[in-house]
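Engineer:
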Amino acid sequence: MAAKEKRGKKAQPRRPEKKWGPFAGGTGVAVWLNEFETAAGTRYARTITLSPRRFRDPKTNEWRDGAYRPVDLSAILLGLQAALDYCHSTPLPGEA
């Protein structure tokens, strides 16, 4: 009988640092704080993600990503501008 591999504790799910939305159709914008190790020590960087428009496929009954509609663009632009303002006004950990 093969030995079972020990698994560590389940990692806590990562959550965005800041989020705008969901807007109509499920679109949204999120800012993530990323931590990585370098030779100079721990560094931080931010990334921004866009949540896609979602719909349920009537044939398969599965959720799918769809293309953005013109009405979605104003909400996405608002979210992107808010994310940019947040990144410019909020220092990374360890910064003044």
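Residue numbers (our numbering): 13 to 108. A virtual CB, placed ideally from N, CA and C, is assigned to each residue, including glycine.
(1) Bridge partners for Ala-42 per DSSP, in chain order?
(2) Using a threshold of 7 angstroms, state whether the C-beta atoms of Arg-55 and Thr-39 are closer than that.
(3) What residues are listed by DSSP as bridge partners for Gly-53?
(4) Is it true that the segment 27-34 meets the segment 83-100, where meeting means three or more beta-carbon pairs spaced less than 8 angstroms apart?
(5) Check this for me: beta carbons of Val-41 and Tyr-98, under 7 angstroms apart or not?
(6) Based on the DSSP output, what are the partners of Asp-77 in its beta bridges?
(7) To the nearest whole angstrom, what separates the beta carbons of Asp-84 and Gly-53, a pair I think is in contact under 8 angstroms?
(8) Throw me the rounded Cβ distance for the Trp-12 and Arg-81 pair, which I believe falls under 8 angstroms.
(9) Going by CA-CA distance only, name the one from Ala-57, Leu-62, Thr-72, Thr-61 that's closest to Thr-102.
(10) Could you give the first and the last residue of the continuous alpha helix (DSSP H) run that contains Leu-96?
Structural biologist: Let me spell this out:
(1) By 1-based counting over the sequence shown, the position of residue 42 is 30. Ala-42 pairs with Lys-31, Thr-61.
(2) For the purposes of this step, residue 55 is identified with residue 43 of the sequence shown, where counting begins at 1. For the purposes of this step, residue 39 is identified with residue 27 of the sequence shown, where counting begins at 1. No, they are not a contact pair.
(3) For the purposes of this step, residue 53 is taken as the residue at position 41 of the sequence shown. In the DSSP output, where bridge partners are listed per residue, Gly-53 has Thr-50.
(4) The answer is yes - the segment 83-100 touches the segment 27-34, with three or more Cβ pairs under 8 angstroms.
(5) Position 29 of the sequence shown, counting from 1, holds the residue named residue 41. Position 86 of the sequence shown, counting from 1, holds the residue named residue 98. No. Outside cutoff.
(6) What you label residue 77 is simply residue 65 of the sequence shown in a count that begins at 1. Answer is Arg-66.
(7) Taking the first residue of the sequence shown as 1, we reach residue 84 at position 72. Taking the first residue of the sequence shown as 1, we reach residue 53 at position 41. Not really, about 41 angstroms apart at Cβ, beyond 8 angstroms.
(8) Because the chain in this structure spans residues 13 to 108, residue 12 falls outside the shown range and cannot be described.
(9) If you number the sequence shown from 1, residue 102 lands on position 90. The residue among Ala-57, Leu-62, Thr-72, Thr-61 with its C-alpha nearest the C-alpha of Thr-102 is Ala-57.
(10) For the purposes of this step, residue 96 is identified with residue 84 of the sequence shown, where counting begins at 1. Element bounds for Leu-96: 82-101.
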